[in-house]
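One structure is given here, and the rest of the page talks about it.
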Amino acid sequence: MSGLGQMNQMSLIAKQHARLYYALWPDEATLHKLELAQMGVVGRKVKVDQLHLTLAFLGNQPISKLPALAAVLVQLPPQGVVIALDRYGYFKQQKIAWIGPTEAPLGLLALRKSLLMGLSTITPRFKAEARFIPHVTLARDAEAPAQPLAKQISWSAKRIVLVQSLPTRQGVIYSLVAERLLDGAAEAGEAATPAVPAS
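So the numbering used here is basically just the index in the sequence shown, starting at one, shifted up by 54.
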């Protein structure tokens with residue numbers, strides 16, 4: 055089950071900008087483990103099929119840039135990355151409970167660096183967060199986790215996506231713009247998979 059729907063062309067016609075971000079999207083086995091980890095937090099829990107690790111939040115971008123932003127995925131190194139999600143965390147101001155690694159793996163930092171380098175030529179005004187805290191949001195309007203994480207999750211992250219975030223009355227809907235399979239699943243010269251026509 056995937057929390058990503060295909061981008062609706064009508065939504066692009068209605069809006070000339072899209073709220074976008076790049077993220078690592080978990081496989082089914084990892085999602086199941088994350089669902090178990092959610093049991094240790096109290097708050098408005100994120101739907102399991104929408105759990106992800108954000109690499110770069112772009113904010114609102116002109117839809118004319120979508121093909122170029124999708125093409126950035128092609129330029130990334132093909133290797134996947136193993137992330138040890140071994141602790142709960144809490145953003146007090148935002149009231150967000152999350153799970154993440156005690157230390158960001160070098161492969162993850164290298165992947166994000168390559169991503170930001172690709173973005174620099176397309177959106178020169180884009181400024182990434184000065185401090186990158188890799189995490190998967192488990193719950194919003196949450197309390198700080200009272201107990202440590204019971205069991206570490208070893209996540210072999212192989213799917214990186216460009217996603218549009220669509221706020222609705224029922225909550226946020228994520229629409230897939232493009233994706234790239236890592237860890238050799240996609241050849242270096244293979245195009246990222248677009249979900250909408252380039253025009």
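Where a beta carbon is used, it is the ideal one built from N, C-alpha and C, also for glycine. Every value quoted in this text rests on a predicted model; they were computed, and no experiment measured them.
### Message
So for Q224, helix, strand or coil by DSSP?
### Response
Coil at Q224, not helix or strand.
#### Entry: Sub-9 Å separation of A196 and Y144 beta-carbons
Taking 9 Å as the Cβ cut-off, A196 and Y144 qualify as a contacting pair.
### Backbone secondary structure at Q201 - three-state DSSP
Three-state DSSP puts Q201 in coil, outside helix and strand.
### Query
Going along the chain, which unbroken runs of the alpha helix (DSSP H) with 4 or more residues stay wholly within the segment 154-185?
Within the segment 154-185, the runs of alpha helix (DSSP H) at least 4 residues long that lie entirely inside it are, in chain order, 160-174.
#### Entry: contact_flag[the segment 136-151, the segment 166-176] where n(CB pairs < 8 Å) is 3 or more
They do not touch, by the three-pair rule.
### Task
Could you spell out the range, first to last residue, of the alpha helix (DSSP H) harbouring L112?
Where L112 is concerned, there is no enclosing alpha helix (DSSP H), although the beta strand (DSSP E) around it starts and stops at 107-116.
### Query
Can you list, in chain order, the residues of its chain whose CB lies under 8 Å from that of R48, leaving out five sequence neighbours each side?
What is shown of the chain runs 55 to 253, which leaves residue 48 out entirely.
#### Entry: Validate contact between the segment 83-93 and the segment 217-230 using beta carbons, cut 8 Å, 3 pairs
Not touching, per the Cβ criterion.
### Query
Where does the unbroken beta strand (DSSP E) through L78 begin, and where does it stop?
Element bounds for L78: 71-78.
### Message
So, for K119: in the same chain, excluding its five sequence neighbours on each side, which residues have a beta-carbon less than 8 Å away from its beta-carbon?
### Response
Result list for K119: I176, T177, in chain order.
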